[in-house]
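These notes concern the structure reproduced below.
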Amino acid sequence: MRTGARRVSGNGKRSAAARAAAILMGTVLLAGAAGCSAAAGPGASLTQVLDAAKSSGAKRTTTHTQVTPACDPTAASLRPPPGAPRVTAGSWMAHIQARHYLIAGVSASSFNFGYFNPIDGQFEGFDIDMIKAVAAAIFGTPDGHIQYKAITDDERQPDVMNGTVDIVAETMTINCKRLKFLDFSSVYFEANTRVLVLKNSTATSLASLGGQKVCATKGSTSAGIISSYPVTPRLVLVPVPQFTDCLVKLQQGQIAAISTDDAILAGLRAQDPFTKVVGPPFDPQPYGLAISKQHPEFVQFVNAVLAQERADNGWATSYKKWVGTPVPAPPVAQYAD
Amino acid sequence: MASTKTAAGAAVGAGPAAGGHAAAVATRRFRLDRSTPGRLRLLLGVLVLLSLAWGALAAFTVNQYSSAASSVVAVREPLSLDAQQIYHDLSDANDTAATAFLTGGLEQPATRQRYLADIQAAGTLIETATAQGGATRGGASKDLATLSTNLPIYAGEVETARADIRQGFPLGAAYLREASDLMRSTLLPAANDMYAAENASLSATSAQATGLPFVIVTIAVGLAIIIVLARASRWLRRRTHRVLNSGLLIAAAAAVVSLAWLAVAYTGARGDLLTAQSHGSAPVEALARADITALQAHADESITLIDNGGDPNGADEKAYQREKSALGPGPGTLLTVAETAAAGSQASGGATAAVRDAQAWYAAHVHLRTLDNSADHTAAVESALGSGPNDAGAAFTKLSADFATGITAGQATFAASASAGADAFTGLEPAVIAAALVMAAGCAWGLSRRLAEYR
């Protein structure tokens, strides 16, 4: 089945037919994972793949409607096969391997998570380490095998969906709304929403900022939290492309506060010691690596990589390097099954 | 004045001695007295007035054309050149700032110098333009105010970016974006406005300095006066049987000389000013437009690499493609327009080279994008900054140099031709006034002598 799918997708990634085939491949694989036996054998024709997909379509939909009502974002991912991550023939990993590089959507400006280091001209951070681990699992080494695409928060979902990137590692919260369109890896980081203000501010939380301007990036969960925050008068959301743009505005006195994940706020605070993080942590934000629903085998593969990272101290080393000490235990991987 | 030795004078003077025909002679003299001296007096008055009127008209005409020509050289063009230079310097500063932080690592001293030189030059020019009276002119004054208010803000943001970048903070990139937005949304449009206004004003002044109708009227009046003098001379010859009246002769000579000088000066100045326009300001303007668009395209090439989106449909790459199609070459594009405008002028070499080197740059850009799109970002950046034969950086440097060569040559042509045009009128204004006075004096003297013979 996988050989057949690979042959089809090898016809040209950009063509509509290939895209359809890729979608079908994903569908077929998912159906396979759900226990469907209607699989095409090696060397299967496009028609056979189509038929296999058709016959399994209903089952797949059922599987999803069963998951959605009881949505637990932290336990929505696909369980990896036991053992070390393996690049199986015909899989999306094999496709990436043939391409010679992994395309990763990352942030260029989230200090210590994913950012373009202007000193050495490299992408660095905790998110970037996760990408490097995935690339290393596919190629043996990440060096020269990653194409970073710096994308803004509102580009993450569409770029994964339309195949512009293989994977997104950009402080992306797993939530039920996004799970309808994307697959996520298991949780690799747990963040909480907090507030960043200037050091001389008297604000103690979002509740004390009623009627004032609060900044977040377009398309982030934080923007949603700010615009729906129950306070009178309402918070005024100032949406910008990147969180560093929020800090520029805070430094120029155009906004009162920035509200987003503590992970991001710590990075902003590190760039301007005249700011402080205030208020209690609220609204937990579990981070996952986003992958297209067309490549469930790649989701499983990435989960296997993360399992390895948790086990062999890779996660802890990255945490220590980019987030700091004390290093907590890594988030426990939970899966949908 | 009464004493006369000419033949005609003796003949008339003999009249009173013939007392035998006193009545007849008296009648004849009376008739003569009523006709010839009266007409002479009338003619004298008319000719003197015409001479003075000619002087006034010619002097006024010369003054108009000469001051328009000097305006082209002394007032309009420096401001217009400044506007173009400000526009160029600002575009170059923004492009340099974007490119400086492309590599990561320490910025190159040369890049830093270039950025600082651009900002300093633009600042000085804005100040000079304000002092030169740009501030008193409606549109330019608003643009100059926008420029002088926002340039320090822009420079401040770039320096903040630099300080953050030096600490390895991604916040620097945000300040750089903010600065670039300010440049593109506020500073460059103001510079463009001012440049366009100054160009329009230059064209208007040039048109005034080379316009035909006024000088044609003046020359026609001058010719009419010469004809009047000739006819007066002929009438006088018939009446008085003298071959030549030296007074009128002098007047006619002065009229012919002043008229000829005026015509020659005007023709020369017009030729020079038209050359200044066609071989100077026109190619310079066309080249400057192409140069500035190329700088913006280059800045977008850099930003595409900084943003590192690598998306062929990304906003920066789209902006680059837009600017590339505006540049051409091709019918109606900036490069082709510049090449056409520069044809046959000193700027032609630069313009032709620019067309050639632009295509080399486009090819290098395609290669650069291919590198960046196949995960070789480092090689793409190296190409953007490189000086090798196939590097985009080197190709753009060449293109920039072509524009500079063409613009400098065009400006030199403009300066030389426009000054020659303005110089053509040197000394003409006092000369036509002097000529008019000589004409008036000549007419008065020549006719008074005839008149005196009737006393």
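Residue numbers (our numbering), protein chains in the order written: chain B, -4 to 332; chain E, 6 to 460.
From the three backbone atoms N, C-alpha and C, an ideal C-beta is built for every residue, glycine too.
(1) Tell whether a beta-carbon distance below 8 Å holds between L95/E and L193/E.
(2) Within 10 Å of its beta-carbon, does T60/B have 16 or more other beta-carbons around it, so buried, or fewer, so exposed?
(3) Does the beta carbon of Q266/B come closer than 8 Å to any beta carbon on chain E?
(4) Taking G411/E and A359/E to be in contact with their CB atoms under 8 Å, please state how far apart those CB atoms are, rounded to whole angstroms.
(5) To the nearest angstrom, how far is it from the Cα of Q90/E to the Cα of Y200/E?
(6) Quick one: which residues of the segment 235 to 263 of chain B get their C-beta closer than 7 Å to a C-beta of chain E? List them in chain order.
(7) Note down the Cα distance separating M292/B from R294/E, rounded to an integer number of angstroms.
(8) Which runs of the alpha helix (DSSP H), 4 residues or longer, sit entirely within the segment 198 to 257 of chain E?
(9) Can you list the residues of chain E that Y224/B reaches, using a CB-CB cut of under 7 Å?
(10) Identify whether F106/B lies in helix, strand or coil by the three-state DSSP scheme.
(11) What distance in whole Å lies between the Cβ atoms of F419/E and A270/E, which are believed to be in contact at a cut-off of 8 Å?
(12) Contact defined as beta carbons within less than 8 Å: I believe I224/E pairs with A268/E. What is the distance between those atoms, to the nearest angstrom?
(13) Suppose the cutoff is 6 Å on Cβ atoms and the five residues either side in sequence are ignored; what does the same chain contact list for F184/B look like?
(14) When you compare the segment 274 to 292 of chain E with the segment 421 to 438 of chain E, are there three or more beta-carbon pairs, one atom per stretch, that lie closer than 8 Å?
(15) Would you call the CB atoms of N170/B and D256/B closer than 8 Å?
(16) Evaluate P175/B with the Cβ neighbour count: other Cβ atoms within 10 Å of its Cβ, from every protein chain shown; 16 or more gives buried, anything less gives exposed.
(17) How is the beta strand (DSSP E) around F277/B delimited, first residue to last?
(18) Out of A409/E, L48/E, W59/E, A417/E, point me to the one whose CA is closest to V226/E's CA.
(19) Go to L373/E, then tell me how far its alpha helix (DSSP H) extends in each direction, as first and last residue.
(20) Around the Cβ of R239/E, are there at least 16 other Cβ atoms within 10 angstroms (buried) or fewer (exposed)?
(21) Closest by CA to D428/E, which one among A436/E, A74/E, T41/E?
(22) Quick check: the Cα distance between V235/B and V209/B, rounded to an integer number of angstroms?
(23) State the start and end residues of the unbroken beta strand (DSSP E) segment that holds P234/B.
(24) Using the Cβ count rule (16 or more neighbours within 10 Å means buried), how would you classify Y96/B?
(25) By the 8 Å beta-carbon criterion, what residues does the segment 94 to 111 of chain B contribute toward chain E?
(26) Work out the CA separation of D396/E and V192/B for me, nearest whole Å.
(27) Less than 8 Å between the beta carbons of A93/B and K144/B, yes or no?
(28) Which one of A445/E, L340/E, L456/E has the shortest CA to CA distance from A256/E?
(29) Rounded to a whole number of angstroms, what is the C-alpha to C-alpha distance between V262/E and T245/E?
(30) Taking contact to mean at least 3 C-beta pairs separated by less than 8 Å, is the segment 334 to 353 of chain E in contact with the segment 369 to 386 of chain E?
(31) Looking only at its own chain, which residues have a Cβ that is under 6 Å from the Cβ of G451/E, when we skip the five neighbours before and after it?
(32) Do you know whose CA, among A265/B, L301/B, W317/B, lies nearest G78/B's CA?
(33) Is K175/B helix, strand or coil when you go by DSSP?
(34) Can you pull the chain E neighbours of P335/B, defined as C-beta to C-beta under 9 Å?
(35) State the start and end residues of the unbroken beta strand (DSSP E) segment that holds Y330/B.
(36) Can you tell me whether G74/B is helix, strand or coil according to DSSP?
According to the structure data:
(1) Closer than 8 Å, so yes.
(2) With a pLDDT of 42 at T60/B, under the threshold of 50, the modelled position of this residue cannot be trusted, and the question is left open.
(3) At a cut-off of 8 Å between C-beta atoms, Q266/B counts as an interface residue with respect to chain E.
(4) Taking C-beta atoms under 8 Å as the contact rule, G411/E and A359/E qualify, at a distance of about 7 Å.
(5) Put simply, the backbone Cα of Q90/E is about 9 Å away from that of Y200/E.
(6) For the segment 235 to 263 of chain B, the set of positions with a beta-carbon nearer than 7 Å to some beta-carbon of chain E reads Q237, T239, D240, L242, V243 in chain order.
(7) The question names Met, yet the displayed sequence has Glu at residue 292/B. When only Cα atoms are considered, E292/B and R294/E end up about 54 Å apart.
(8) Note on the segment 198 to 257 of chain E: whole alpha helix (DSSP H) runs with a minimum of 4 residues are 218 to 245, in chain order.
(9) Within 7 Å Cβ-Cβ: nothing; Y224/B doesn't reach chain E, min ~25 Å.
(10) Coil at F106/B, not helix or strand.
(11) Contact flag wrong, Cβ pair sits at about 20 Å.
(12) Confirmed, about 6 Å.
(13) Annotation for F184/B: Y282 place their beta carbon closer than 6 Å to its own, counting only its chain and skipping 5 residues before and after.
(14) In the pairwise beta carbon analysis, the segment 274 to 292 of chain E is classified as touching the segment 421 to 438 of chain E: at least three pairs are separated by under 8 Å.
(15) No. Outside cutoff.
(16) This sequence places Lys at residue 175/B; Pro is not what is there. The residue is exposed, with fewer than 16 neighbouring Cβ atoms inside 10 Å.
(17) Per DSSP, F277/B belongs to the beta strand (DSSP E) from 270 to 282.
(18) Of the listed residues, the one whose Cα sits closest to V226/E is W59/E.
(19) L373/E: member of the alpha helix (DSSP H) spanning 353 to 378, first to last residue.
(20) Sixteen is the threshold: since fewer than 16 other Cβ atoms of the shown chains lie within 10 Å of the Cβ of R239/E, the residue is exposed.
(21) The candidate whose alpha carbon is nearest that of D428/E is A74/E.
(22) Cα-Cα distance, rounded: 11 Å.
(23) First-last of the beta strand (DSSP E) with P234/B: 231 to 235.
(24) Burial call: buried.
(25) Within the segment 94 to 111 of chain B, the residues whose Cβ lies closer than 8 Å to some Cβ of chain E are H95, Y96, I98, A103, S104, S105, F106, Y110, F111, listed in chain order.
(26) Going from the Cα of V192/B to the Cα of D396/E covers about 46 Å.
(27) No. Outside cutoff.
(28) Closest by alpha carbon: A445/E.
(29) Taken atom to atom, the span from the alpha-carbon of V262/E to that of T245/E is near 27 Å.
(30) Result no; under three Cβ-Cβ pairs closer than 8 Å.
(31) Closer than 6 Å at the Cβ level, and outside the excluded window around G451/E, lie N250, G252, L253.
(32) That would be L301/B, whose Cα lies nearest to the Cα of G78/B.
(33) For K175/B, the three-state secondary structure derived from DSSP is coil.
(34) Lying outside -4 to 332, the shown extent of chain B, residue 335/B is not represented and no answer is given.
(35) For Y330/B, there is no enclosing beta strand (DSSP E), since its DSSP letter is neither H nor E.
(36) According to the sequence shown, residue 74/B is Arg rather than Gly. Three-state DSSP puts R74/B in coil, outside helix and strand.
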